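Presented below is the structure to which this report refers.
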Amino acid sequence: MLHCFSHLKLEDLGLFCVCLWKVWSLQNADVHESTVAREVDVVDWARGFIHDFHGGRLVKGSMPPTISFRNLVWIPLDPGMYKINFDVVIDRLVGFRTVIRDSEGFVMASSSQKIEATFSLQMAEAFAISSELAIDTGRGGPTLRPGGARAQPQHLKKN
């Protein structure tokens, strides 16, 4: 993915990333029963956001900031390890999202679950870690099942 991004103009990459962020925000708004903008609004909104962002950061006579994506480095896990990332959304409904990546960064499994409950953020994170997942590595890679065995949000050793 970084290889593809390195061939984009910085402006195009920025627009792509802000559009992804807006889509993510709209999905959260949908979960929380807020008003949702139409999909056609996303690109125009992103362009306006970028324009306002750069306009607010410019000092008279300065140039817009640049970022070199060619210098970004992903540090792989040790071979035979998995990394689990949890994301929790809270507001009348609790949503859990989980992604497991292998030592090469490939997604091995993912899961999401939405429940009607009232939790503190800490309790929601604990619930996601302790009861949202069952990890079965016996079939060549991890699979996720809701409500199973406990898993830590850290690196897990493959069997």
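The sequence shown runs -25 to -1, 1 to 134 under mature numbering (1 follows the signal peptide of the UniProt record, and there is no 0).
For each residue, glycine too, the CB sits at the ideal point set by N, CA and C.
Because the structure is a prediction, the values reported are computed rather than measured.
In the DSSP annotation of this structure, the continuous segment of the beta strand (DSSP E) that includes GLU91 starts and ends at 82 to 91. Restricting attention to LEU1, LYS(-4) and VAL74, the CA atom closest to the CA of ILE25 is found in LYS(-4). In the structure shown, MET56 adopts extended strand secondary structure according to DSSP, grouped into three states. Between the C-alpha atoms of SER87 and CYS(-9) there is a straight-line separation of about 22 Å.
Spanning the alpha carbons of MET83 and VAL69 requires a straight line of approximately 24 Å. Within the model, the alpha-carbon separation for LYS89 versus LEU(-16) is close to 36 Å. For LEU1, the uninterrupted alpha helix (DSSP H) segment begins and ends at -16 to 6. Pairing ARG76 with LYS58 gives a Cβ-Cβ distance under 8 Å. ILE75 is bridged by DSSP to ILE59 and ALA84. In this structure, DSSP gives HIS(-19) a state outside helix and strand, which the three-state scheme calls coil. By the Cβ-count criterion, LEU(-24) is exposed, with fewer than 16 other Cβ atoms from all chains shown falling within 10 Å of its own Cβ.
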